[in-house]
Amino acid sequence: MITGVSIYELLTVTSILFFIGVYGFMTRKNLISILISIELILNASVINFVVINKYLYPDMLQGVIFSLFIIAVAAAETALAVSIIINLYRQISSVEVKDTEIMKY
178 MITGVSIYEL LTVTSILFFI GVYGFMTRKN LISILISIEL ILNASVINFV
228 VINKYLYPDM LQGVIFSLFI IAVAAAETAL AVSIIINLYR QISSVEVKDT
278 EIMKY
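Numbering (my numbering), first residue to last: 178 to 282.
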């Protein structure tokens, strides 16, 4: 796929990206930071689909098609999450996770 770069190096980079996203999702208190972490996780999985498909089946495009679906779902998820965060900010003037407990009842 890329001359001089092995599949192990690419999978290592995507694994690091994935775990950075998981760490950010677990430790952040801001809803926008959590959303960015989720996007990082989804992008790491998209890169994995493309890399594994390109190395196993170089002539087929299943991994690329799956990646396009994941990107479309991620775009829809981001649009929905941003609209929810904007409405939440209008109601309670904060985007912190601890302040969203007000919406329970």
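All C-beta atoms, glycine included, are put in the ideal place defined by N, C-alpha and C.
Rounded C-alpha distance that separates residue i from residue j
| i | j | result |
| --- | --- | --- |
| residue 263 | residue 250 | 20 Å |
| residue 224 | residue 185 | 13 Å |
| residue 202 | residue 216 | 10 Å |
| residue 241 | residue 192 | 19 Å |
| residue 267 | residue 229 | 43 Å |
| residue 183 | residue 239 | 21 Å |
| residue 227 | residue 244 | 7 Å |
| residue 132 | residue 189 | A query on residue 132 cannot be resolved here, the shown segment of the chain reaching from 178 to 282 and no further. |
| residue 237 | residue 260 | 37 Å |
Residues near residue i in its chain [Cβ-Cβ closer than 8 Å; skip 5 each side]
| i | result |
| --- | --- |
| residue 209 | 262 and 272 |
| residue 275 | 206 |
Identified DSSP bridge partners for residue i
| i | result |
| --- | --- |
| residue 264 | Residue 264 is not bridged to any residue. |
| residue 273 | 207 |
Residues near residue i by beta carbon distance below 7 Å, same chain, minus five either side
| i | result |
| --- | --- |
| residue 219 | 247 and 251 |
| residue 214 | 198, 201, 202 and 205 |
| residue 187 | 228 |
6 Å Cβ shell around residue i - same chain, five flanking residues per side excluded
| i | result |
| --- | --- |
| residue 212 | 258 |
For residue i, the three-state DSSP class (helix, strand or coil)
| i | result |
| --- | --- |
| residue 180 | coil |
Item checked: Whole runs of the alpha helix (DSSP H) within the segment 192-257, excluding any shorter than 4 residues -> If one requires a minimum length of 4 residues, the alpha helix (DSSP H) runs lying completely within the segment 192-257 are 208-233, in chain order.
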